[in-house]
Amino acid sequence: MVVLNADLIASTYAAIRPATIRTPVVPATRLSRHLGIDLFLKLENLQHTNAFKARGALAKLLTLSADARASGVIACSAGNHAQGVAYHATRLGMKSVIVMPEGTPFNKIKRTSDLGAEVVIHGTGFDDSVQFTLDLAAQKGMTFIHPFDDPVVAAGQGTVAIEMLEQQPDLDAIVVPIGGGGLIAGMAIAAKAIKPGIEIIGAQADLFGAAKAHLEGGDAPSFVGGTLAEGIAVRKPAAANLAVIRAHVARVDSASEAEIETAVFDLLSYEKLVAEGAAGAGLAVIEKHLDTYRDKKVGLVVCGGNIDSRLLSTLILRGLMRDGRITRLIFEIDDTPGQLSKISAIIGDAGANVIEVIHQRMMQSVSLKQAELEIVIEARDQTHVDEIVALLRGNGLTVRVPQDI
């Protein structure tokens, strides 16, 4: 029986290293200044298929016998594990089948297929699809590659900690996102073997806080609704991984959807890094508990960068609006010539830019001889917006901002 321990992680690292990207650990200079802590980022979003999952997938594939390789492998995943298995299986000349749940975005299906896998759509999520996948594996004679409930896979993920402490040996704490628990289990064992005094902290979404509930002895969450951190949206982490978390992890913190969204935007805005929601959960719990990280060198695993581009564009716009860099202004104006020109001149002279104008005459609640004008502006920040609104009102204009409505 294979047991997850430091020796297994070390030997796994030697096995996968030739075909694994040694992703950098970089100081998060701007975020550190903004947050007032010393933060370092392990950029697994630069790994093969843009996520750490490629490590565990490769680790497992390398342990297969010649007969198992000839029969091929099968996995159940809607995202990073799917692509990691598909990429390395194709590279090693193995057939792969990936079961993805109904509703999986087409771009994820296409990316997995482009990596050489046969994609089968079934179920509404991992928990609904896993038994179907196991049955299909038995029917086809293929080896099932579990995304987290496998000591070899967890050992592959644990190699992230070996690299982090080689690259930044003076880290005091490492924050690791938790879904099924394979990443944090492997990393906790590896990190504690290298540096026993290091603190390992888990990060989860509030909506999928099973590991946090387990560690604290509370009730498991009800798992209602979707999460931006879909890569760690696991209802039931592996029992073996939970045992490691209880033994080696200092605590597990969780963050709300709004906090995760803000954190993903902060990684993009401050560090110019595209990160998915799971990585955002890691930064979110740091931002939520800053006092616990003062005077420490903190490492964060940016575990993946596979965020849907449409979702990312919406997230960026929402972030810009939160910061006041994009703001919607609503005017009630006399329906006479020159009003738009007057407003545009004031906004332009104040150093802001008009990026959208909607002039309403029909569907509105103002009087018949008035019109409602909606203008979206780009400004420096919220203070700049406040200055512009004061100027507009000072010129006799009736203007509302969203929080006034």
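All residue numbers for the sequence shown refer to full-length UniProt numbering, where the first residue is 1 and numbers rise by one.
The beta carbon of each residue, even a glycine, is placed where N, CA and C say it ideally should be.
As the structure is a computational prediction, the values presented were derived from the model and not from experiment.
Quick one: what does DSSP say Ala-15 is sitting in, helix, strand or coil? Ala-15: helix per DSSP, three-state reduction.
Give me the DSSP bridge partner(s) of Ile-333. DSSP lists Ala-371 as partners of Ile-333.
Out of Glu-332, Val-244, Arg-380 and Ala-75, which has the shortest C-alpha to C-alpha gap to Leu-392? Out of Glu-332, Val-244, Arg-380 and Ala-75, Glu-332 has the C-alpha closest to the C-alpha of Leu-392.
Counting pairs of beta carbons, one from the stretch 33-40 and one from the stretch 285-305, are three or more of them closer than 8 Å? Under the three-pair Cβ rule at 8 Å, the stretch 33-40 counts as touching the stretch 285-305.
Hey, could you find the ends of the beta strand (DSSP E) Lys-297 is sitting in? Element bounds for Lys-297: 297-302.
Put Met-94 into one of helix, strand or coil per three-state DSSP. In this structure, Met-94 counts as coil in the three-state DSSP scheme.
Of the choices Ala-371, Ala-345 and Ile-375, whose alpha-carbon is the least far from that of Glu-356? Cα-wise, what sits closest to Glu-356 is Ile-375.
CB contact flag (Ala-161, Ile-245, <9 Å): In this structure, Ile-245 does not lie closer than 9 Å to Ala-161 by Cβ.
Residues bridged to Asp-38 [DSSP beta-bridge criterion]: According to the DSSP secondary-structure assignment, Asp-38 is paired through a beta bridge with Lys-297.
Please name the residue in Pro-177, Asp-172 and Ser-11 whose C-alpha comes closest to that of Ala-191. For Ala-191, the closest C-alpha among the options Pro-177, Asp-172 and Ser-11 is that of Asp-172.
As assigned by DSSP and simplified to three states, the class of Gly-202: Strand at Gly-202.
Would you call the stretch 68-79 and the stretch 335-349 in contact, with 3 or more CB pairs under 8 Å? Result no; under three Cβ-Cβ pairs closer than 8 Å.
To the nearest whole angstrom, what separates the beta carbons of residue 406 and Leu-228, a pair I think is in contact under 8 Å? Since the displayed the chain opens at 1 and closes at 405, residue 406 lies outside it and no answer follows.
Which term fits Thr-112, buried or exposed, when burial requires 16 or more other beta carbons within 10 angstroms of its beta carbon? So Thr-112 counts as buried.
Output the distance between the C-alpha atoms of Asp-7 and Arg-55, rounded to the nearest integer angstrom. Roughly 17 Å between the two C-alpha positions.
Cβ neighbour criterion (16 or more within 10 Å) applied to Gly-280: Gly-280 is buried by the Cβ-count criterion.
Counting C-beta neighbours from all protein chains within 10 Å, is the total for residue 407 16 or more, i.e. buried, or is it exposed? One cannot answer for residue 407 here, as it falls past the ends of the chain, which runs 1 to 405.
Taking the C-alpha atoms as reference points, what is the distance between Ile-405 and Ala-350? Because Ile-405 sits at a pLDDT of 36, beneath the cut-off of 50, its placement in the model cannot be relied upon, and the point is left open.
Check whether the stretch 142-160 and the stretch 101-117 touch, using three or more Cβ-Cβ pairs below 8 Å as the test. Taking a cut-off of 8 Å for Cβ pairs, the stretch 142-160 and the stretch 101-117 do not touch, as fewer than three such pairs fall below it.
Counting only runs that start and end within the stretch 232-265, where is the beta strand (DSSP E) found for 3 or more residues in a row? Annotation note: the stretch 232-265 contains the following uninterrupted beta strand (DSSP E) runs of length 3 or greater, listed N- to C-terminal: 251-255.
Can you tell me whether Phe-148 is helix, strand or coil according to DSSP? Three-state DSSP puts Phe-148 in coil, outside helix and strand.
Cβ distance (whole Å) where Met-142 is taken to contact Ser-71 below 8 Å: Met-142 to Ser-71, Cβ: 6 Å. Contact.
Taking only the alpha-carbon atoms, compute the straight-line gap between Arg-325 and Thr-49 and give it to the nearest angstrom. Between Arg-325 and Thr-49, the alpha-carbon positions lie close to 33 Å from each other.
Ignore the nearest five residues each way along the sequence and tell me which others in Ala-155's own chain have a CB closer than 7 Å to its CB. Cβ within range, chain order: Leu-4, Leu-8, Ile-9, Thr-12, Ala-59 and Gly-186.
Ordered along the chain, which non-local residues of its own chain (more than five positions away) have a Cβ less than 6 Å from that of Met-307? First, the residue type needs correcting, since residue 307 is Ile and not Met in the sequence shown. For Ile-307, where only same-chain residues beyond five positions count, the Cβ hits under 6 Å are Glu-276.
So, Gly-125 versus Phe-132, is the Cβ gap smaller than 9 Å? It is not a contact, given that the beta carbons lie outside the stated cut-off.
For a test of the three-state rule: what should DSSP assign to Arg-69, helix, strand or coil? Three-state DSSP puts Arg-69 in a helix.
Looking only at its own chain, which residues have a Cβ that is under 8 Å from the Cβ of Val-25, when we skip the five neighbours before and after it? For Val-25, where only same-chain residues beyond five positions count, the Cβ hits under 8 Å are Phe-40, Leu-41, Lys-42, Leu-43, Glu-163, Met-164, Gln-167, Gln-168 and Gly-299.
By DSSP, does His-359 sit in helix, in strand, or in coil? Here His-359 sits in strand by DSSP.
Is the stretch 233-252 touching the stretch 202-214 in the sense that three or more CB pairs, one from each, lie closer than 8 Å? Three or more beta-carbon pairs drawn from the stretch 202-214 and the stretch 233-252 are found closer than 8 Å, and the two stretches are therefore classed as touching.
Anyone know if the C-beta pair for Ser-256 and Asp-206 falls short of 9 Å? Yes, Cβ-Cβ distance for Ser-256 and Asp-206 is below 9 Å.
Grouping DSSP H, G and I as helix and E and B as strand, with all else coil, what is Met-142? When DSSP states are grouped into helix, strand and coil, Met-142 belongs to the coil group.
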